[in-house]
Amino acid sequence: MDLDQKLRQQLRAEMARQGVTQAELARRLGVQAPTVAQVVTGRRGHIPRSLVQILDELGLTLTVCPKDEQP
Numbered sequence: 001m002d003l004d005q006k007l008r009q010q011l012r013a014e015m016a017r018q019g020v021t022q023a024e025l026a027r028r029l030g031v032q033a034p035t036v037a038q039v040v041t042g043r044r045g046h047i048p049r050s051l052v053q054i055l056d057e058l059g060l061t062l063t064v065c066p067k068d069e070q071p
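In UniProt numbering, the protein residues as written are 1 to 71.
In structure tokens:
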């Protein structure tokens, strides 16, 4: 599973945990529901390949965590 897929999986899991629908998230963000659907499903908003390459080269990974649990 690549970084894009992992990030989207985490987004979907957190939305489910919080009980937030794509429509509700779109309303909160001030965008149309299809925009959120495209981001969540991977049809839009990919992580730039260059960023993935830089992270790999430096032995780093992108981590998503709740704001109140940030290091």
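The beta-carbon is built from N, C-alpha and C at its ideal position, and this holds for glycine as well. What you are looking at is a predicted structure, and each value in this text was computed from that prediction instead of being measured.
Since I believe residue j is in contact with residue i (beta carbons under 8 Å), could you give me their beta-carbon distance rounded to a whole number of angstroms?
i     : j    : result
Gly42 : Asp4 : 6 Å
Is the shortest distance between the beta-carbon of residue i and the beta-carbons of chain C less than 8 Å?
i     : result
Arg43 : Here chain C cannot be found, since the structure has a single protein chain.
Would residue i and residue j qualify as a contact pair, given that the criterion is a beta-carbon distance under 8 Å?
i     : j     : result
Val64 : Gln10 : yes
Leu62 : Leu7  : yes
Arg44 : Gln38 : yes
Ala13 : Gln22 : no
Would residue i be called buried (16 or more neighbouring beta carbons within 10 Å of its own) or exposed?
i     : result
Leu25 : buried
Val31 : exposed
key: Residue ranges of each alpha helix (DSSP H) within the UniProt domain "HTH cro/C1-type" (11-65), 4 or longer   = Runs of the alpha helix (DSSP H) inside the UniProt domain "HTH cro/C1-type" (11-65): 22-29, 33-41, 49-57.
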